[in-house]
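Residue numbers (my numbering): 165 to 425. Heads up, the beta-carbon is just placed ideally off N, CA and C, and yes, glycines get one too. See structure below.
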């Protein structure tokens, strides 16, 4: 494609060389330029050495995509008429966002084409066609024309890929760090809740080991309450001794004296 596009540009210059005697059209950078994918690039078309002062130029920026060689595949980007009014072609309008911008500087001698966010689809041949019109008997007729072309090559630099891979690595590490911190915080919360629940259960169990009982030490009928520890940790001999002592004490209690009538 690169060879065919260059050949097409050279043939265009040869065929139209005899018509460029009145004007000179130059594109910079030329004959080709390399742009990194994603950056902006400006192509300048300079028109000079016009011999006919009464003639008015019409400038067209056209685009021949990579892989195409036929002239009918040429797409209109923008056009500047004799009154310096700018019009954009259907190719430029087909983009959902601003893709190309045409600027006229130095009193119509330089026509800058700005290509935004260069992509692989922008590869191809860019041509600046200038045609002069002269008024003859109330009619405008083409007196001369000239064409210049340059090739745009889009290249993805290895450093960009390295930066993207490094940035993606940082993103992965950051994501892993966030996940690890989140899991750690969740484990700490679960541990705190578990310890708190165990502490509350233990405290409640200690309270349940003590209860209020009635004391039989007073024969007058009054109720005396005391705290008795019923912990099951007492030896068997001591528990038997306490039971026997309690029975002996109950047998020694004298019977109640009946009240006199």
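In this structure, how does DSSP classify residue 115 when only helix, strand and coil are distinguished? The chain is shown only over 165 to 425; residue 115 falls outside these bounds and no answer can be derived.
Is residue 266 helix, strand or coil by DSSP? As a working mapping, residue 266 is identified with position 102 in the chain shown. DSSP places residue 266 in strand when its eight states are reduced to three.
Tell me whether the beta-carbon of residue 246 lies closer than 8 Å to the beta-carbon of residue 220. One-based indexing of the chain shown puts residue 246 at position 82. One-based indexing of the chain shown puts residue 220 at position 56. Against a cut-off of 8 Å, the Cβ pair of residue 220 and residue 246 comes out as a contact.
Close beta carbons around residue 293, own chain, < 6 Å, minus the five adjacent residues each side: To locate residue 293, count along the chain shown from 1; it is residue 129. Result list for residue 293: 224, 311, in chain order.
Roughly how many whole angstroms lie between the Cα atoms of residue 304 and residue 297? Your numbering for residue 304 matches position 140 in the chain shown. Your numbering for residue 297 matches position 133 in the chain shown. Answer to the nearest angstrom: the Cα atoms are 6 Å apart.
Am I right that residue 281 and residue 202 are in contact with their C-beta atoms under 8 Å? What's the rounded C-beta distance? Stepping through the chain shown from its first residue, residue 281 is reached at position 117. Stepping through the chain shown from its first residue, residue 202 is reached at position 38. The Cβ separation is near 6 Å, so the contact holds.
Could you tell me the alpha carbon to alpha carbon distance between residue 364 and residue 350, rounded to whole angstroms? Position 200 of the chain shown, counted from the first residue, corresponds to residue 364. Position 186 of the chain shown, counted from the first residue, corresponds to residue 350. If I take the Cα positions, the gap works out to 21 Å.
Please report the residue range of the beta strand (DSSP E) in which residue 212 lies. Numbered from its first residue, the chain shown carries residue 212 at position 48. First-last of the beta strand (DSSP E) with residue 212: 205-212.
Short of 8 Å in beta carbon distance, which residues of its chain neighbour residue 242, apart from the five on each side in sequence? Order them along the chain. Translated into positions along the chain shown, residue 242 becomes position 78. So the qualifying residues of the chain are 224, 225, 250, 251, 252, 253, 256, 264, 266, 277.
Buried or exposed for residue 211, please, with buried defined as at least 16 other CB atoms from any protein chain shown within 10 angstroms of its CB. Taking the chain shown and counting its residues from 1, the one referred to as residue 211 is at position 47. So residue 211 counts as buried.
Is the CB-CB distance between residue 316 and residue 286 below 8 Å? In the chain shown, the residue the question calls residue 316 occupies position 152. In the chain shown, the residue the question calls residue 286 occupies position 122. Contact: yes.
One question on the structure: do residue 314 and residue 239 come within less than 8 Å of each other, judged by their Cβ atoms? As a first step, residue 314 is located in the chain shown; it is residue number 150 there, counting from the start. As a first step, residue 239 is located in the chain shown; it is residue number 75 there, counting from the start. Cβ atoms of residue 314 and residue 239: not closer than 8 Å.
When you compare only the Cα positions, how much space is there between residue 178 and residue 194? The residue you call residue 178 lines up with position 14 of the chain shown. The residue you call residue 194 lines up with position 30 of the chain shown. The predicted position of residue 178 is uncertain, since its pLDDT is 43 and thus under 50; a value taken from the coordinates is nonetheless stated next. When rounded, the distance between both Cα atoms is 17 Å.
Selected residue, minimal CA-CA separation from residue 259, among 279, 362, 237: Position 95 of the chain shown, counted from the start, is the residue given in the question as residue 259. Minimum Cα distance to residue 259 is reached at 279.
In terms of DSSP beta bridges, what is residue 274 paired with? Against the chain shown, residue 274 aligns to sequence position 110. Residue 274 pairs with 210, 269.
Check whether the Cβ atoms of residue 288 and residue 230 sit closer than 8 Å, and answer yes or no. Sequence index remark: in the chain shown, residue 288 carries index 124 (1-based). Sequence index remark: in the chain shown, residue 230 carries index 66 (1-based). Taking 8 Å as the Cβ cut-off, residue 288 and residue 230 qualify as a contacting pair.
Are the CB atoms of residue 227 and residue 290 nearer to each other than 8 Å? On the chain shown, position 63 is the one that residue 227 refers to. On the chain shown, position 126 is the one that residue 290 refers to. It is a contact, given that the beta carbons lie within the stated cut-off.
Buried/exposed call for residue 209, threshold 16 Cβ in 10 Å: The residue given as residue 209 occupies position 45 in the chain shown. So residue 209 counts as buried.
What would DSSP say about residue 386, mapped onto helix, strand or coil? Here residue 386 is taken as the residue at index 222 of the chain shown, counted from 1. For residue 386, the predicted model reports a pLDDT of 48, less than 50, meaning its position is unreliable; a value from the coordinates is still stated below. Residue 386: coil per DSSP, three-state reduction.
Which value, in whole angstroms, describes the spacing of the CA atoms of residue 192 and residue 337? The residue labelled residue 192 in the question sits at position 28 within the chain shown. The residue labelled residue 337 in the question sits at position 173 within the chain shown. Rounded to whole angstroms, residue 192 to residue 337 spans 45 Å at the Cα level.
With distances taken from CA atoms, which of 274, 359, 237 is nearest residue 190? Along the chain shown, one-based indexing puts residue 190 at 26. Of the candidates 274, 359, 237, the one whose C-alpha sits nearest the C-alpha of residue 190 is 274.
So, for residue 385: in the same chain, excluding its five sequence neighbours on each side, which residues have a beta-carbon less than 7 Å away from its beta-carbon? For the purposes of this step, residue 385 is taken as residue 221 along the chain shown, with counting starting at 1. With a pLDDT of only 46 at residue 385, under 50, the local geometry of the prediction cannot be trusted, and no value is derived from it.
What's the C-alpha gap between residue 283 and residue 198? If you number the chain shown from 1, residue 283 lands on position 119. If you number the chain shown from 1, residue 198 lands on position 34. If you take the alpha carbons of residue 283 and residue 198, they lie about 12 Å apart.
Checking contacts by CB at 8 Å: is residue 367 closer than that to chain C? This model lacks chain C altogether, as it is built from one protein chain only.
Residue range of the beta strand (DSSP E) that residue 305 falls in? As a working note, residue 305 is residue 141 in the chain shown. Run containing residue 305: 304-319, per the beta strand (DSSP E) assignment.
Measuring only the C-alpha atoms, how far is residue 390 from residue 362? Within the chain shown, residue 390 is the residue found at index 226, counting from 1. Within the chain shown, residue 362 is the residue found at index 198, counting from 1. Residue placement at residue 390 is flagged as unreliable, the pLDDT there being 46, under the threshold of 50; the coordinate-derived value follows with that caveat. Taking the straight line from one Cα to the other gives about 29 Å.
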